[in-house]
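In UniProt numbering, the protein residues as written are 1 to 234.
In this text, a Cβ means the ideal position worked out from N, Cα and C, and glycines have one as well.
Please read all numbers here as calculations on a predicted model, not as lab measurements.
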Amino acid sequence: MARLPRLVIPQMLHHLVQRTHEGTQLFRDSEDYTVFLRWLGQGAKQFHIAIHAYVLMPEHLHLLVTPEDAEGLSKLLQWLGRYYVPYFNRKYQRSGSLWQGRYKATVLEAQTFFLPCSLYVESHPLRAGLVADLLDYPWSSYQHHIGLRLDPLVSDHPIFWALGNTPFQREANYREMMQQSLSAAELARLTEATHKGWLLGSPVFEAEMAKLTERRVSPAKRGRPRKAVPAGQE
1 MARLPRLVIP
11 QMLHHLVQRT
21 HEGTQLFRDS
31 EDYTVFLRWL
41 GQGAKQFHIA
51 IHAYVLMPEH
61 LHLLVTPEDA
71 EGLSKLLQWL
81 GRYYVPYFNR
91 KYQRSGSLWQ
101 GRYKATVLEA
111 QTFFLPCSLY
121 VESHPLRAGL
131 VADLLDYPWS
141 SYQHHIGLRL
151 DPLVSDHPIF
161 WALGNTPFQR
171 EANYREMMQQ
181 SLSAAELARL
191 TEATHKGWLL
201 GSPVFEAEMA
211 KLTERRVSPA
221 KRGRPRKAVP
231 AGQE
């Protein structure tokens with residue numbers, strides 16, 4: 001079966017994940033993380049992508065973003081490959097690509113899924129056992145969202161601003177939400193949608209987005225089509 005085109009809808013919220021080849025580390029020291037973030041910021045600005053949340057993991061990265069146009073996300077990943085991969089290969093005397101095929105992405109209804117997905121993205125280091133406290137992980141937007149530092153890479157989403165009338169209220173409410181953690185079902189739903197490229201949102205949102213793209217935005221219903229009932233036998 002032919003692979004569906006990646007679902008990208010301009011000016012909508014997207015969750016993106018890019019992984020390396022199995023066993024290949026994307027970052028080996030703090031310089032690598034810092035260099036990558038610098039190019040990520042430059043690329044996001046050049047290709048008009050608002051980054052709302054992110055996490056850099058040793059072997060993959062997650063971004064929660066709003067692209068201005070349909071080509072921006074692909075151009076951003078190409079930009080990172082053009083600059084970061086040669087830097088990494090020179091430094092560690094290796095060759096070839098770092099990426100494990102195409103990046104994965106999905107469109108999210110912001111009103112329902114911005115906060116869960118932001119928490120999902122930033123909690124990865126804790127779930128992976130890299131730290132005992134997310135405060136100890138500097139390579140994500142979490143410290144920005146709870147007010148420990150101002151991250152120039154982050155463009156705050158309106159849903160985040162709706163958490164409170166003051167920065168203190170927003171940061172405190174966000175920290176409390178992170179402490180409550182997401183359920184296993186929420187984690188699984190976000191993971192599956194992103195890896196399979198299906199939209200997450202209400203039926204109304206799904207119908208609206210379907211009008212803006214030439215591909216399906218949700219899985220086809222399983223089962224054989226129902227046979228037509230002969231006239232008079234309804």
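| Asked | Found |
| --- | --- |
| Local Cβ density within 10 Å of Phe27, reported as buried at 16 or more and exposed below that | buried |
| Boundaries of the beta strand (DSSP E) in which His15 is found, first to last residue | 13-19 |
| For Arg127 and Ala185, the rounded distance between their alpha carbons | 15 Å |
| Beta-bridge partners of His60, as assigned by DSSP | Arg19 |
| For Pro138, three-class secondary structure by DSSP | coil |
| Inter-residue Cα distance where the pair is Ile51 and Gln93 | 31 Å |
| The segment 11-24 contacting the segment 32-46, beta-carbon criterion three pairs below 8 Å | no |
| As assigned by DSSP and simplified to three states, the class of Trp99 | strand |
| As assigned by DSSP and simplified to three states, the class of Thr166 | coil |
| Beta carbon of His62 nearer than 8 Å to that of His124 | yes |
| Residue span of the beta strand (DSSP E) that contains Lys104, given as start and end | 104-108 |
| Chain C contact for Leu148 (CB, 8 Å cutoff) | Within the model displayed, chain C is absent; a lone protein chain is all it includes. |
| Those residues which DSSP pairs with Pro67 across a bridge | Ile49 |
| Rounded distance between the beta-carbons of Phe114 and Leu76, thought under 8 Å | Going by Cβ atoms, the distance from Leu76 to Phe114 rounds to 20 Å, so no, they are not a contact pair. |
| Euclidean distance between Cα positions of Leu13 and Val204 | 16 Å |
| Sequence-distant residues of its chain with Cβ nearer than 7 Å to Met177 (five each side left out) | Leu115, Leu119 |
| Distance, Thr34 Cα to Leu130 Cα | 18 Å |
| Outcome for Asp133 when other beta-carbon atoms lying within 10 angstroms are tallied against a minimum of 16 | exposed |
| Length of the line joining the Cα atoms of Phe160 and Gln111 | 10 Å |
| Thr166 versus Asp69: straight-line alpha-carbon distance, rounded | 31 Å |
| Separation of Arg189 from Arg226, as counted between CA atoms | With a pLDDT of 46 at Arg226, under the threshold of 50, the modelled position of this residue cannot be trusted; read the value that follows with caution. Whole-angstrom Cα-Cα distance: 29 Å. |
| Contact set for Ser95: own chain, Cβ-Cβ below 7 Å, skip 5 residues either direction | Asn89 |
| Beta carbon of Cys117 nearer than 8 Å to that of Leu199 | no |
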